[in-house]
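A.B. asks:
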Amino acid sequence: KQEVTQIPAALSVPEGENLVLNCSFTDSAIYNLQWFRQDPGKGLTSLLLIQSSQREQTSGRLNASLDKSSGRSTLYIAASQPGDSATYLCAVKDSGYALNFGKGTSLLVTP
Amino acid sequence: GAVVSQHPSWVICKSGTSVKIECRSLDFQATTMFWYRQFPKQSLMLMATSNEGSKATYEQGVEKDKFLINHASLTLSTLTVTSAHPEDSSFYICSASSRAGEQYFGPGTRLTVT
Numbered sequence: 404k405q406e407v408t409q410i411p412a413a414l415s416v417p418e419g420e421n422l423v424l425n426c427s428f429t430d431s432a433i434y435n436l437q438w439f440r441q442d443p444g445k446g447l448t449s450l451l452l453i454q455s456s457q458r459e460q461t462s463g464r465l466n467a468s469l470d471k472s473s474g475r476s477t478l479y480i481a482a483s484q485p486g487d488s489a490t491y492l493c494a495v496k497d498s499g500y501a502l503n504f505g506k507g508t509s510l511l512v513t514p
Numbered sequence: 003g004a005v006v007s008q009h010p011s012w013v014i015c016k017s018g019t020s021v022k023i024e025c026r027s028l029d030f031q032a033t034t035m036f037w038y039r040q041f042p043k044q045s046l047m048l049m050a051t052s053n054e055g056s057k058a059t060y061e062q063g064v065e066k067d068k069f070l071i072n073h074a075s076l077t078l079s080t081l082t083v084t085s086a087h088p089e090d091s092s093f094y095i096c097s098a099s100s101r102a103g104e105q106y107f108g109p110g111t112r113l114t115v116t
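Residue numbers (the numbering used here), protein chains in the order written: chain F, 404 to 514; chain P, 3 to 116.
Okay, structure coming up:
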């Protein structure tokens, strides 16, 4: 069974810093990997989707990389802002249709 | 982008009653929808996979007679929590899968059973 781990569980940084969130998964036979953002008490917003054949995806200040062979993905956030404060979830789609989620990284960006 | 809605956004019900939650894909057809449950400070746990026109596939440990799922059309799936108990209180989130394989999530429904 696919297991997804996210490190760190929580992170607090001052505004303006660049930061990296880590995600690892146990079974490298994946179809794609998605990064989501979740605000407290809210649903999920898709940030980036990386297909298994891709190495990275970029959207604005966000860059996600995928190393399938080592079972790792990173989400890089440049020039962090207080509005980036949220929980970031990594999810992997493997042989099934559904996504396997990590427990998330809770990010706090202080002014 | 693709939009998925859920209704209601929150509901409070008494123990023993049933609650229905709707999940709609507003601007695309979703042959597959998923229902997840999220407890406080935990990740999303898949409950069931719903395919249009067929019976839902439930994950191990999820009671299919308690969590009734109906996927009657390509844009609507419903989850009914029957005979709800306080331990069913949770955040329920649905998602719909596009043809490209990307999943779009609804805003979630907060269920509180008193």
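All C-beta atoms in this analysis are idealised placements derived from N, C-alpha and C, irrespective of residue type, glycine included.
Quick one: is P/T19 buried, meaning 16 or more other Cβ sit within 10 Å of its Cβ, or exposed?
C.D. replies: Locating residue 19 of chain P in the second sequence gives position 17, where the first residue counts as 1. P/T19 is exposed by the Cβ-count criterion.
A.B. asks: List, in chain order, every chain P residue whose beta-carbon is nearer than 8 Å to that of F/Y434.
C.D. replies: As a position in the first sequence, residue 434 of chain F is number 31, starting the count at 1. Here the neighbours are G103.
A.B. asks: Report all residues from its chain with a CB closer than 8 Å to the CB of P/D67; omit the five preceding and five following residues, and keep chain order.
C.D. replies: Taking the second sequence and counting its residues from 1, the one referred to as residue 67 of chain P is at position 65. Closer than 8 Å at the Cβ level, and outside the excluded window around P/D67, lie T84.
A.B. asks: Does the Cβ-Cβ distance between F/W438 and F/Y491 come in under 8 Å?
C.D. replies: Taking the first sequence and counting its residues from 1, one reaches residue 438 of chain F at position 35. Taking the first sequence and counting its residues from 1, one reaches residue 491 of chain F at position 88. Result yes, Cβ atoms of F/W438 and F/Y491 sit closer than 8 Å.
A.B. asks: Using a C-beta cutoff of 8 Å, does F/K404 count as contacting chain P?
C.D. replies: Along the first sequence, one-based indexing puts residue 404 of chain F at 1. F/K404 does not count as touching chain P.
A.B. asks: Does the segment 454 to 463 of chain F come into contact with the segment 5 to 14 of chain P, if we say contact requires no fewer than three beta-carbon pairs (one atom in each stretch) closer than 8 Å?
C.D. replies: no
A.B. asks: Between which two residues does the beta strand (DSSP E) containing P/T76 stretch?
C.D. replies: Taking the second sequence and counting its residues from 1, one reaches residue 76 of chain P at position 74. This sequence places Leu at residue 76 of chain P; Thr is not what is there. Premise fails: P/L76 is in no beta strand (DSSP E) and is neither H nor E.
A.B. asks: Need the endpoints of the beta strand (DSSP E) that F/E459 sits in, please.
C.D. replies: Within the first sequence, the letter at position 56 stands for residue 459 of chain F. Here the beta strand (DSSP E) through F/E459 covers 459 to 462.
A.B. asks: F/G474 versus chain P: which residues are under 8 Å apart at the beta carbon?
C.D. replies: Within the first sequence, numbered from 1, the residue matching residue 474 of chain F stands at position 71. Those do not exist, as F/G474 stays about 18 Å from chain P at its closest Cβ, beyond 8 Å.
A.B. asks: Could you tell me whether the Cβ atoms of P/V115 and P/H87 are closer together than 8 Å?
C.D. replies: Residue mapping note: residue 115 of chain P aligns to position 113 of the second sequence, counting from 1. Residue mapping note: residue 87 of chain P aligns to position 85 of the second sequence, counting from 1. Yes, the pair counts as a contact, with Cβ atoms nearer than the cut-off.
A.B. asks: Given a cut-off of 8 Å on the beta-carbon distance, is the pair P/T111 and P/I23 in contact?
C.D. replies: Reading the second sequence from its first residue, position 109 is the one you call residue 111 of chain P. Reading the second sequence from its first residue, position 21 is the one you call residue 23 of chain P. Going by C-beta atoms, P/T111 is nearer than 8 Å to P/I23.
A.B. asks: In the DSSP output, which residue or residues are listed as bridge partners for P/Q8?
C.D. replies: Position 6 of the second sequence, counting from 1, holds the residue named residue 8 of chain P. In the DSSP output, where bridge partners are listed per residue, P/Q8 has P/C25.
A.B. asks: Along chain P, which residues have their Cβ under 7 Å away from the Cβ of F/S456?
C.D. replies: Position 53 of the first sequence holds residue 456 of chain F. Neighbours of F/S456 on chain P: none; closest Cβ ~12 Å, over 7 Å.
A.B. asks: Looking at chain P, is there any beta carbon in it that lies within less than 8 Å of the beta carbon of F/K506?
C.D. replies: Stepping through the first sequence from its first residue, residue 506 of chain F is reached at position 103. Yes, F/K506 counts as interfacial toward chain P.
A.B. asks: Taking P/G55 as the query, report the chain F residues whose CB atoms sit under 7 Å from its CB, ordered along the chain.
C.D. replies: Sequence index remark: in the second sequence, residue 55 of chain P carries index 53 (1-based). Simply none; closest approach about 16 Å.
A.B. asks: In chain F, which residues lie with their C-beta within 9 Å of the C-beta of P/G108?
C.D. replies: Locating residue 108 of chain P in the second sequence gives position 106, where the first residue counts as 1. Here the neighbours are G446, L447.
A.B. asks: Helix, strand or coil for F/D470, going by three-state DSSP, please let me know.
C.D. replies: Here residue 470 of chain F is taken as the residue at index 67 of the first sequence, counted from 1. Of the three classes helix, strand and coil, the one that applies to F/D470 here is strand, per DSSP.
A.B. asks: Cβ of F/L436 within 8 Å of Cβ of F/S498?
C.D. replies: The count along the first sequence starts at 1 and reaches residue 436 of chain F at position 33. The count along the first sequence starts at 1 and reaches residue 498 of chain F at position 95. No.
A.B. asks: Between the beta-carbon of P/M35 and the beta-carbon of P/S56, is there less than 8 Å?
C.D. replies: Taking the second sequence and counting its residues from 1, one reaches residue 35 of chain P at position 33. Taking the second sequence and counting its residues from 1, one reaches residue 56 of chain P at position 54. It is not a contact, given that the beta carbons lie outside the stated cut-off.
A.B. asks: What first and last residue would you give for the beta strand (DSSP E) that runs through F/S488?
C.D. replies: Counted from its first residue, the first sequence places residue 488 of chain F at position 85. Where F/S488 is concerned, there is no enclosing beta strand (DSSP E), given that its DSSP letter is neither H nor E.
A.B. asks: Along the chain, where does the beta strand (DSSP E) containing P/A50 start, and where does it finish?
C.D. replies: One-based indexing of the second sequence puts residue 50 of chain P at position 48. 46 to 53 is the span of the beta strand (DSSP E), which, as asked, contains P/A50.
A.B. asks: Rounded to the nearest angstrom, what separates F/P443 and F/A489 at their Cα positions?
C.D. replies: Against the first sequence, residue 443 of chain F aligns to sequence position 40. Against the first sequence, residue 489 of chain F aligns to sequence position 86. Each residue's alpha carbon lies about 7 Å from the other.
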